[in-house]
């Protein structure tokens with residue numbers, strides 16, 4: 031196996047984001063892509079990551095292979111890549127060999143670990159509403175509600191998404207209306223509301239630095255899904271379980 | 031009541047500075063301005079803040095109103111304003127409603143609190159010397175003496191202001207002489223000296239990011255006053271009690 | 031004595047770097063230079079610093095003088111210098127008087143201390159290999175191995191320097207080959223290897239912000255020497271004892 035990336039960013043930033051949610055994970059490497067599907071330890075969030083073979087300058091693989099890695103260690107190593115370095119991934123001595131080629135050649139070896147969990151499958155979900163909006167707008171909204179509380183409600187009305195949080199006495203409300211910055215695809219005319227953890231959302235929306243737009247899917251008291259895509263390069267999605275509260 | 035600001039900076043930065051000295055305060059809102067006069071909990075510093083109605087793009091108020099607010103919470107909310115947002119202040123459901131209008135509309139509600147203290151009045155003071163100088167020069171001088179000790183002496187001689195601190199063995203001395211960068215208005219020919227807390231001064235001089243110049247008033251063993259003004263927009267002044275030491 | 035520098039950088043940054051290794055030190059000031067030779071408290075590292083008289087705009091000294099100073103305090107004061115300030119060093123009232131002249135005149139007095147240790151001498155060393163390379167490349171290599179372990183091995187083969195660290199299961203290896211960015215002067219054809227503390231090296235290689243190039247000298251299980259030089263201005267060198275491990 032020999033895989034070379036000329037733009038470290040998509041691997042580097044994705045792993046940095048994913049490692050905030052999952053500590054260890056299994057990569058499935060086949061002729062199409064490097065894929066990762068993982069649940070966070072609390073079983074609240076699923077991460078679905080795909081780095082397409084078309085984003086590589088060299089993509090040489092004989093047969094599909096599974097490689098489980100400590101993501102914190104991998105993040106530390108990838109952080110050392112300069113934006114102009116070419117990153118090469120290989121398997122050697124039952125380790126993952128990562129080479130950065132720039133003015134010098136720098137090589138890191140990372141142990142392949144055993145993960146006992148069963149293979150994760152992406153659940154089939156039926157969303158009532160999908161909204162494509164600017165990634166920055168979602169980051170701003172989550173940072174806004176973060177000063178008020180621990181959970182945030184997503185409320186959909188026709189042509190309007192409201193993101194709001196209530197503290198003991200304070201309150202924050204962000205309204206995103208259909209228009210230039212937000213395209214709505216409603217699959218129902220009902221109003222719907224669902225609550226999610228702000229702590230988890232904060233870790234997810236930083237994926238906005240990888241893709242300028244995000245598609246937000248949700249439904250009434252239902253999981254939320256965020257999709258960040260760069261055509262022909264990568265997909266990074268998050269599924270977040272709703273918070274069910276008595277209120 | 032409906033008050034709208036097109037430049038968030040004067041409200042945002044002022045509240046951020048004031049909240050380092052006072053946790054809760056009462057705003058008096060009348061047809062001329064939003065005003066705040068407050069003492070810090072240790073009764074060492076007074077803050078006098080006025081945001082003039084002429085700095086607003088909309089200033090709609092029927093009758094004067096008092097609004098007491100937790101400044102730390104207000105600061106957290108105002109921090110979320112982008113420089114290009116229009117900020118609107120309203121009273122709704124006995125809360126302060128703060129709206130940021132930019133690409134989206136973001137609304138925050140902050141509880142109005144009860145403050146039991148009596149109304150503060152600005153004392154009449156007779157200063158021996160007033161010096162107008164660059165705000166940055168005062169920030170630099172206070173940061174200089176901060177590495178030496180806890181209190182700083184202001185010494186005035188005709189045409190020269192000396193700011194100095196003495197530690198056990200170390201010493202720092204900054205001399206500001208009358209000239210291009212410092213205009214002196216002496217009301218006495220006597221030399222005068224007074225000492226102040228560096229910790230308090232550090233929190234006050236950051237107001238230099240709001241106004242390029244500051245007027246420093248003091249007298250022999252007497253309170254210090256710092257005035258930061260932006261014509262037709264805002265005034266932010268601080269009065270600091272002297273430190274009387276046996277030396 | 032009156033010594034004035036128009037470029038604060040060489041004094042300011044050098045003292046900042048040295049103070050991370052040594053807390054107190056004696057400066058020997060003579061007609062040629064200000065010199066400092068000091069060992070760190072653990073006797074693992076020696077620092078050799080020379081600020082040449084030719085880097086001063088005024089260099090007035092009647093007879094050689096020794097001045098021992100707390101470097102942490104000196105660093106704190108020098109940090110207050112703006113890049114455009116002229117720094118003047120004088121002796122007054124058995125204190126070191128440091129004056130910054132810019133828009134204002136700012137003066138600091140620092141006590142001269144007693145140091146009881148004997149005078150340090152630079153040892154004579156016989157290095158097997160000397161490599162001149164870019165300072166940034168060495169910073170990068172040390173930061174790379176820092177994520178893997180506590181000690182780093184320097185390995186020399188003809189025309190190749192390998193810097194590597196091994197953790198329990200991870201490994202990092204940086205190869206610097208003779209060429210445009212690295213000039214080798216070998217005094218032996220033998221391969222040689224020696225290990226050093228990464229913690230110490232991290233404090234030393236930051237001297238790369240003072241000089242674009244560094245000369246690395248070492249030998250088999252032998253001290254390492256790093257030389258940072260700015261012609262006619264300053265020399266800053268470090269000698270680091272090897273780590274002898276049973277492996």
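Chains as they are written, first to last, in my numbering: chain A, 31 to 277; chain B, 31 to 277; chain C, 31 to 277.
Think of the CB as a built atom: it goes at the ideal place given N, C-alpha and C, for glycine as much as any other residue.
Keep in mind the model is a prediction, meaning the values are calculated, not measured.
Straight-line gap, residue i to residue j (C-alpha atoms, nearest Å)
{"i": "residue 155 of chain C", "j": "residue 125 of chain C", "result": "37 Å"}
{"i": "residue 140 of chain A", "j": "residue 252 of chain A", "result": "38 Å"}
{"i": "residue 99 of chain B", "j": "residue 216 of chain A", "result": "41 Å"}
{"i": "residue 144 of chain B", "j": "residue 234 of chain B", "result": "26 Å"}
{"i": "residue 259 of chain B", "j": "residue 177 of chain C", "result": "51 Å"}
{"i": "residue 59 of chain A", "j": "residue 46 of chain A", "result": "19 Å"}
{"i": "residue 130 of chain C", "j": "residue 93 of chain B", "result": "55 Å"}
{"i": "residue 250 of chain A", "j": "residue 187 of chain A", "result": "11 Å"}
{"i": "residue 36 of chain B", "j": "residue 169 of chain B", "result": "28 Å"}
{"i": "residue 199 of chain C", "j": "residue 227 of chain A", "result": "36 Å"}
{"i": "residue 33 of chain C", "j": "residue 205 of chain B", "result": "21 Å"}
{"i": "residue 197 of chain A", "j": "residue 103 of chain B", "result": "12 Å"}
{"i": "residue 231 of chain B", "j": "residue 101 of chain A", "result": "47 Å"}
{"i": "residue 172 of chain A", "j": "residue 271 of chain A", "result": "16 Å"}
{"i": "residue 116 of chain A", "j": "residue 67 of chain A", "result": "25 Å"}
{"i": "residue 83 of chain A", "j": "residue 238 of chain A", "result": "22 Å"}
{"i": "residue 61 of chain A", "j": "residue 44 of chain A", "result": "20 Å"}
{"i": "residue 273 of chain A", "j": "residue 224 of chain A", "result": "8 Å"}
CB contact below 7 Å: residue i versus chain C
{"i": "residue 141 of chain A", "result": "yes"}
Listed by chain order, chain B residues near residue i by CB distance under 9 Å
{"i": "residue 205 of chain A", "result": "134, 135, 136, 137"}
{"i": "residue 167 of chain A", "result": "133, 134"}
Short CB-CB distance (under 7 Å) between residue i and chain B
{"i": "residue 7 of chain C", "result": "No statement about residue 7 of chain C is possible, as the shown extent of chain C runs from 31 to 277 and does not include it."}
{"i": "residue 58 of chain A", "result": "no"}
Contact with chain A by residue i, beta-carbon distance below 7 Å
{"i": "residue 106 of chain B", "result": "yes"}
{"i": "residue 186 of chain C", "result": "no"}
{"i": "residue 176 of chain C", "result": "no"}
{"i": "residue 211 of chain C", "result": "yes"}
{"i": "residue 199 of chain C", "result": "yes"}
{"i": "residue 277 of chain C", "result": "Residue confidence is low: residue 277 of chain C scores 48 on pLDDT, short of 50, so the model does not pin down where it sits. Its coordinate-derived value is still stated next. Output row for residue 277 of chain C: interface = no."}
Residues bridged to residue i (per DSSP)
{"i": "residue 257 of chain A", "result": "A/245, A/267"}
{"i": "residue 96 of chain C", "result": "C/58"}
{"i": "residue 170 of chain A", "result": "For residue 170 of chain A, which the question treats as bridged, DSSP gives no partner whatsoever."}
{"i": "residue 186 of chain A", "result": "A/191, A/222"}
{"i": "residue 291 of chain A", "result": "Summary: the structure shown does not reach residue 291 of chain A, with chain A confined to residues 31 through 277, and so no result is reported for it."}
{"i": "residue 196 of chain A", "result": "A/201"}
{"i": "residue 209 of chain B", "result": "B/212"}
{"i": "residue 178 of chain C", "result": "Answer is none; residue 178 of chain C lacks a bridge partner."}
{"i": "residue 49 of chain A", "result": "Paired residue(s): none; residue 49 of chain A is not in a bridge."}
{"i": "residue 40 of chain C", "result": "BP columns for residue 40 of chain C are empty, so no partner."}
{"i": "residue 72 of chain C", "result": "Residue 72 of chain C pairs with nothing; no bridge assigned."}
Under 8 Å from the C-beta of residue i: neighbouring residues of chain B
{"i": "residue 53 of chain C", "result": "Near residue 53 of chain C there are no residues of chain B at all, since even the closest Cβ is about 16 Å away, more than 8 Å."}
{"i": "residue 249 of chain C", "result": "In chain order: nothing, as chain B lies at least about 43 Å away."}
{"i": "residue 173 of chain A", "result": "110"}
Minimum Cβ-Cβ distance from residue i to chain D less than 7 Å
{"i": "residue 183 of chain C", "result": "Absent from the structure: chain D. Protein chains present are A, B and C."}
Contacts of residue i in chain A (Cβ-Cβ under 9 Å)
{"i": "residue 202 of chain C", "result": "107, 110, 136, 137, 138, 139"}
Per-residue contacts from residue i into chain A (C-beta, under 7 Å)
{"i": "residue 103 of chain B", "result": "200"}
{"i": "residue 147 of chain C", "result": "The contacting residues do not exist; residue 147 of chain C stays about 39 Å from chain A at best."}
### Query
Three or more C-beta pairs closer than 8 Å, one from the stretch 123-137 of chain A and one from the stretch 47-55 of chain A: is that the case here?
Verdict: no, contact absent.
### Query
When the Cβ atoms of the stretch 237-253 of chain C are set against those of the stretch 157-170 of chain C, are three or more pairs found closer than 8 Å?
yes
### Meets three-Cβ-pair contact criterion under 8 Å: the stretch 192-206 of chain C and the stretch 264-276 of chain C
Contact between the stretch 192-206 of chain C and the stretch 264-276 of chain C is not established, with fewer than three Cβ pairs separated by less than 8 Å.
### Task
Give a yes or no on contact between the stretch 111-123 of chain A and the stretch 196-211 of chain A, applying the rule of three or more CB pairs nearer than 8 Å.
No, they do not touch.
### Task
For the stretch 61-80 of chain C and the stretch 104-114 of chain C, state whether three or more C-beta atom pairs, one from each stretch, are separated by less than 8 Å.
no
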